[in-house]
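Undergrad:
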Amino acid sequence: MKKNERVVVTITDMGVNGEGIGKVDGYTLFVKDAVIGDVAEVLVTKAKKQYGYGRLMKLVAPSPDRVEPVCGVARQCGGCQIQMLSYEKQLEFKQNKVRGNLIRLGGFDAELIDSIMEPIGGMKEPFHYRNKAQYPIGSDKEGNLIAGFYAGRTHQIIPNLDCVIGSEVNMPILKKVLEFMKRNGLQAYEEQSGRGLVRHVLIRRGFRTGEIMVCLVLNGTKLPSAEDLVRSLREIEGMTSITVSVNREKTNVIMGSEIHLLWGQDYITDYIGNVKYQISPLSFYQVNPVQTEVLYGQALAYAGLTGNEVVWDVYCGIGTISLFLAQKAGKVYGVEVVPQAIEDARKNAEINGIENAEFFVGKAEEVLPEYYARYEREHDGETARADVIVVDPPRKGCEESVLRTMVEMRPERIVYVSCDSATLARDLKMLCQWGYEMKKWRAIDMFPHSGHVETIVLIQRKTM
Numbered sequence: 045m046k047k048n049e050r051v052v053v054t055i056t057d058m059g060v061n062g063e064g065i066g067k068v069d070g071y072t073l074f075v076k077d078a079v080i081g082d083v084a085e086v087l088v089t090k091a092k093k094q095y096g097y098g099r100l101m102k103l104v105a106p107s108p109d110r111v112e113p114v115c116g117v118a119r120q121c122g123g124c125q126i127q128m129l130s131y132e133k134q135l136e137f138k139q140n141k142v143r144g145n146l147i148r149l150g151g152f153d154a155e156l157i158d159s160i161m162e163p164i165g166g167m168k169e170p171f172h173y174r175n176k177a178q179y180p181i182g183s184d185k186e187g188n189l190i191a192g193f194y195a196g197r198t199h200q201i202i203p204n205l206d207c208v209i210g211s212e213v214n215m216p217i218l219k220k221v222l223e224f225m226k227r228n229g230l231q232a233y234e235e236q237s238g239r240g241l242v243r244h245v246l247i248r249r250g251f252r253t254g255e256i257m258v259c260l261v262l263n264g265t266k267l268p269s270a271e272d273l274v275r276s277l278r279e280i281e282g283m284t285s286i287t288v289s290v291n292r293e294k295t296n297v298i299m300g301s302e303i304h305l306l307w308g309q310d311y312i313t314d315y316i317g318n319v320k321y322q323i324s325p326l327s328f329y330q331v332n333p334v335q336t337e338v339l340y341g342q343a344l345a346y347a348g349l350t351g352n353e354v355v356w357d358v359y360c361g362i363g364t365i366s367l368f369l370a371q372k373a374g375k376v377y378g379v380e381v382v383p384q385a386i387e388d389a390r391k392n393a394e395i396n397g398i399e400n401a402e403f404f405v406g407k408a409e410e411v412l413p414e415y416y417a418r419y420e421r422e423h424d425g426e427t428a429r430a431d432v433i434v435v436d437p438p439r440k441g442c443e444e445s446v447l448r449t450m451v452e453m454r455p456e457r458i459v460y461v462s463c464d465s466a467t468l469a470r471d472l473k474m475l476c477q478w479g480y481e482m483k484k485w486r487a488i489d490m491f492p493h494s495g496h497v498e499t500i501v502l503i504q505r506k507t508m
């Protein structure tokens, strides 16, 4: 296969970023915007020895599962990679992706994986589900202010105020922000020169409470005519928090660490089940509240709590899963590397009157082994006890030291929540070599129209 060659390829699979995958005479091609079932004419844009990349030029025969995207800029925007695939087929693709990784990368038997697989958790309404959005602000070629999202793997802003997976309140808020900027002569940040003031607009909305947060990310310490913006935004029902975040660094990181309150309070509240959470501009909080309740409900079911168990929640964030589990556990310990997140976790425990949750700041790969060793010293060789361990690591999965310490703590059950089924498969392979076995697994579609999927697995200690 050579660059600039034109070939016809049948798409049989899709990758993690939603790109179509097909073979031509055994040679693998990755094709953006192609979906499973398409027969496509493709221009080869990059050719390596074993695989290459191609651009979709023409559909020879569209997939029977191809649909017209609801969003007019779905193809250009980097957010919804697979919106042109029917939702039913999206769910099938995601389930198969997790299943394939468990078999291929984890080395598990296909019959076992199929026998313990539970149906994927999809959404009845897979649009307007996100409770958080971060819109870059920029200017078009004519100098007009724009807001939208970055095109895939670029920092080119695709103008779009009406994102079909975002909250419907986003568009009127963005219109007011852009009108305020134009009215007061405020410039959008320009990455290359480092000039301009407004970089991003963060919008969060409480699913249960309807409370709204707006935070402008600034290349400066002050927002001129801030009272004008406050007056305008307060016209929107539910407005609760208006802040600015200072970020003067030349960086891809969106939020700065310095937050200044313009009006209202510096947080909003929301609920997952019966647990109330305070969410600041910097808080990590699941973006799909409907599916978060499905995911956490599944975690609670897999944990099998009766009210007496000692539970560890590793990579606990602001304590969302910890506090959810604390309602049914004897004691819950949470571990998280971000100090602000642990502050939020402790505050959220206090808000809910939850007294059986304790939180530690630090890397899981350091805190867990240190706690285990210290407990052994302080209790005359008695090992630290954990009945259940819940782990929800970042995309890279767990450090081996964390997995080893988890096994040494001999929990009856481990509930593993993962946003990357490849690293999940790797970690499960180790756990199952060290005395544990998979009992159940389920994929949960937290991010409809993207290539990403959450997976939750119940792992149980083998009986001798």
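All you need for this note's numbering is the position in the sequence shown, starting with 1, plus 44.
Glycine included, C-beta positions come from ideal geometry on N, C-alpha and C.
(1) Could you tell me the alpha carbon to alpha carbon distance between Leu447 and Gly351, rounded to whole angstroms?
(2) Is the distance from the Cβ of Ser465 to the Cβ of Val221 below 8 Å?
(3) Using only alpha-carbon positions, find the residue among Pro216, Gly300, Leu344, Glu234 that is nearest to Glu281.
(4) If you follow the beta strand (DSSP E) that Arg243 is part of, which residue opens it and which one closes it?
(5) When the Cβ atoms of the segment 270-287 are set against those of the segment 304-317, are three or more pairs found closer than 8 Å?
(6) Roughly how far, in whole angstroms, is the beta-carbon of Cys121 from the beta-carbon of Ile202, given that I think they are within contact range, below 8 Å?
(7) What separation, rounded to the nearest whole angstrom, lies between the Cα atoms of Gly98 and Lys92?
(8) For the alpha helix (DSSP H) holding Asp272, just list the boundary residues, first then last.
(9) How big is the Cα-Cα spacing for Ile247 and Asn396?
(10) Is Arg390 closer than 8 Å to Phe403 when the C-beta atoms are compared?
(11) Who are the near neighbours of Val117 in its chain, counting only those whose CB is closer than 7 Å to its CB and skipping five residues on each side?
(12) Does the beta-carbon distance from Leu339 to Leu369 come in below 8 Å?
(13) Taking buried to mean at least 16 other C-beta atoms within 10 Å of its own C-beta, is Arg439 buried or exposed?
(14) Counting C-beta neighbours from all protein chains within 10 Å, is the total for His496 16 or more, i.e. buried, or is it exposed?
(15) Measure the alpha-carbon distance for Asn392 versus Lys484 and round it to whole angstroms.
(16) Could you check the C-alpha separation between Lys138 and Lys226 for me, to the nearest Å?
(17) What residues match up with Leu73 in a beta bridge as DSSP calls it?
(18) How would you label Ile298, buried or exposed, when you count the other beta carbons within 10 angstroms and need 16 or more for buried?
(19) Identify, in the order they occur along the chain, each residue of the same chain with its Cβ nearer than 7 Å to the Cβ of Leu135, setting aside the five sequence neighbours on each side.
(20) In its own chain, which residues sit with a C-beta less than 7 Å from the C-beta of Ala105, not counting the 5 before and 5 after it?
(21) Given Ile256, which residues of its chain have a CB within under 8 Å of its CB, disregarding the five upstream and five downstream residues?
(22) Put Leu222 into one of helix, strand or coil per three-state DSSP.
(23) Thinking Val434 and Ile365 are a contact (beta carbons under 8 Å), I'd like their distance in whole angstroms, please.
(24) So, under 8 Å CB-CB, Val451 and Leu475 are touching, yes? Tell me the CB distance rounded to an integer number of Å.
(25) Would you kindly work out how many angstroms separate the C-alpha atoms of Asp471 and Thr72, rounded to a whole number?
(26) Counting along the chain, where does the alpha helix (DSSP H) carrying Phe404 start and finish?
(27) Between the segment 168-177 and the segment 496-505, do at least 3 Cβ pairs fall closer than 8 Å?
(28) Measuring CA to CA, which of Val379, Glu394, Asp388, Asn400 is closest to Tyr415?
(29) For Tyr131, which option in Pro113, Arg197, Gly238 has the closest C-alpha, if you only look at C-alpha atoms?
(30) Taking the Cβ atom as the reference point for each residue, do Leu230 and Val245 lie within a distance shorter than 8 Å?
(31) Helix, strand or coil: how does DSSP classify Pro163 here?
(32) Taking the beta carbon of Lys90 as the centre, do at least 16 other beta carbons fall within 10 Å, making it buried, or is it exposed?
(33) Would you mind sorting Arg457 into buried or exposed? The rule is 16 or more other CB atoms within 10 Å of its CB.
(34) Mark Glu155 as exposed unless 16 or more other C-beta atoms lie within 10 angstroms of its C-beta, in which case mark it buried.
(35) Spell out the partners DSSP gives Thr56 in its beta bridges.
(36) I need the straight-line Cα distance from Ser348 to Met58, nearest angstrom please.
TA: Based on what the coordinates show:
(1) What you label residue 447 is simply residue 403 of the sequence shown in a count that begins at 1. What you label residue 351 is simply residue 307 of the sequence shown in a count that begins at 1. Using only the alpha carbons, I get a separation of about 25 Å.
(2) Position 421 of the sequence shown, counting from 1, holds the residue named residue 465. Position 177 of the sequence shown, counting from 1, holds the residue named residue 221. Not closer than 8 Å, so no.
(3) For the purposes of this step, residue 281 is taken as the residue at position 237 of the sequence shown. Considering only alpha carbons, the answer is Pro216.
(4) Translated into positions along the sequence shown, residue 243 becomes position 199. 242-249 is the span of the beta strand (DSSP E), which, as asked, contains Arg243.
(5) yes
(6) Locating residue 121 in the sequence shown gives position 77, where the first residue counts as 1. Locating residue 202 in the sequence shown gives position 158, where the first residue counts as 1. Correct: roughly 5 Å between the Cβ atoms.
(7) Residue mapping note: residue 98 aligns to position 54 of the sequence shown, counting from 1. Residue mapping note: residue 92 aligns to position 48 of the sequence shown, counting from 1. Cα to Cα, Gly98 sits roughly 12 Å from Lys92.
(8) Translated into positions along the sequence shown, residue 272 becomes position 228. Run containing Asp272: 270-277, per the alpha helix (DSSP H) assignment.
(9) For the purposes of this step, residue 247 is taken as residue 203 along the sequence shown, with counting starting at 1. For the purposes of this step, residue 396 is taken as residue 352 along the sequence shown, with counting starting at 1. Between Ile247 and Asn396, the C-alpha separation is close to 25 Å.
(10) Numbered from its first residue, the sequence shown carries residue 403 at position 359. Numbered from its first residue, the sequence shown carries residue 390 at position 346. Yes, the pair counts as a contact, with Cβ atoms nearer than the cut-off.
(11) Numbered from its first residue, the sequence shown carries residue 117 at position 73. Only Ile202, Asn204 meet the Cβ criterion.
(12) In the sequence shown, counting from the first residue as 1, residue 339 sits at position 295. In the sequence shown, counting from the first residue as 1, residue 369 sits at position 325. No, they are not a contact pair.
(13) Position 395 of the sequence shown holds residue 439. Exposed, by the Cβ-count rule.
(14) Reading the sequence shown from its first residue, position 452 is the one you call residue 496. Buried, by the Cβ-count rule.
(15) Within the sequence shown, the letter at position 348 stands for residue 392. Within the sequence shown, the letter at position 440 stands for residue 484. When rounded, the distance between both Cα atoms is 31 Å.
(16) The sequence position of residue 138 within the sequence shown is 94, counting from 1. The sequence position of residue 226 within the sequence shown is 182, counting from 1. In a straight line, the C-alpha of Lys138 is about 43 Å away from that of Lys226.
(17) Residue numbering aside, residue 73 sits at position 29 when the sequence shown is read from its first letter. Gly66, Gly96.
(18) Looking up residue 298 in the sequence shown gives position 254. The residue is exposed, with fewer than 16 neighbouring Cβ atoms inside 10 Å.
(19) Counted from its first residue, the sequence shown places residue 135 at position 91. Contacts found: Ile164, Gly166, Asp489.
(20) Counting from one through the sequence shown, the residue named residue 105 turns up at place 61. So the qualifying residues of the chain are Val83.
(21) Taking the sequence shown and counting its residues from 1, one reaches residue 256 at position 212. Closer than 8 Å at the Cβ level, and outside the excluded window around Ile256, lie Val213, Ile217, Ile247, Arg248, Arg249, Gly250, Ile280, Gly282, Met283, Thr284, Ser285, Ile312.
(22) Walking along the sequence shown from the start, residue 222 turns up at place 178. Helix, per DSSP.
(23) One-based indexing of the sequence shown puts residue 434 at position 390. One-based indexing of the sequence shown puts residue 365 at position 321. Contact holds; Cβ gap of about 6 Å.
(24) For the purposes of this step, residue 451 is identified with residue 407 of the sequence shown, where counting begins at 1. For the purposes of this step, residue 475 is identified with residue 431 of the sequence shown, where counting begins at 1. Taking the Cβ atoms as the reference, Val451 lies roughly 7 Å from Leu475, within the contact range of under 8 Å.
(25) Residue 471 sits at position 427 when you count from the first residue of the sequence shown. Residue 72 sits at position 28 when you count from the first residue of the sequence shown. C-alpha of Asp471 to C-alpha of Thr72: approximately 28 Å in a straight line.
(26) Numbered from its first residue, the sequence shown carries residue 404 at position 360. Element bounds for Phe404: not the alpha helix (DSSP H) but the beta strand (DSSP E), 401-405.
(27) no
(28) The count along the sequence shown starts at 1 and reaches residue 415 at position 371. Minimum Cα distance to Tyr415 is reached at Val379.
(29) In the sequence shown, residue 131 corresponds to position 87, counting from 1. The candidate whose alpha carbon is nearest that of Tyr131 is Pro113.
(30) Numbered from its first residue, the sequence shown carries residue 230 at position 186. Numbered from its first residue, the sequence shown carries residue 245 at position 201. Taking 8 Å as the Cβ cut-off, Leu230 and Val245 do not qualify as a contacting pair.
(31) If you number the sequence shown from 1, residue 163 lands on position 119. The answer is strand: DSSP assigns Pro163 an E or B state.
(32) Position 46 of the sequence shown, counted from the first residue, corresponds to residue 90. Exposed, because fewer than 16 other Cβ atoms sit within 10 Å of the Cβ of Lys90.
(33) Counting from 1 along the sequence shown, the entry for residue 457 is found at position 413. Answer is buried; the Cβ neighbour count reaches 16.
(34) Taking the sequence shown and counting its residues from 1, one reaches residue 155 at position 111. Glu155 should be labelled exposed.
(35) On the sequence shown, position 12 is the one that residue 56 refers to. Partner(s): none; Thr56 has no beta bridge.
(36) The residue you call residue 348 lines up with position 304 of the sequence shown. The residue you call residue 58 lines up with position 14 of the sequence shown. Note that residue 348 is Gly in the sequence shown here, rather than Ser. Going by the C-alpha atoms only, they are around 35 Å apart.
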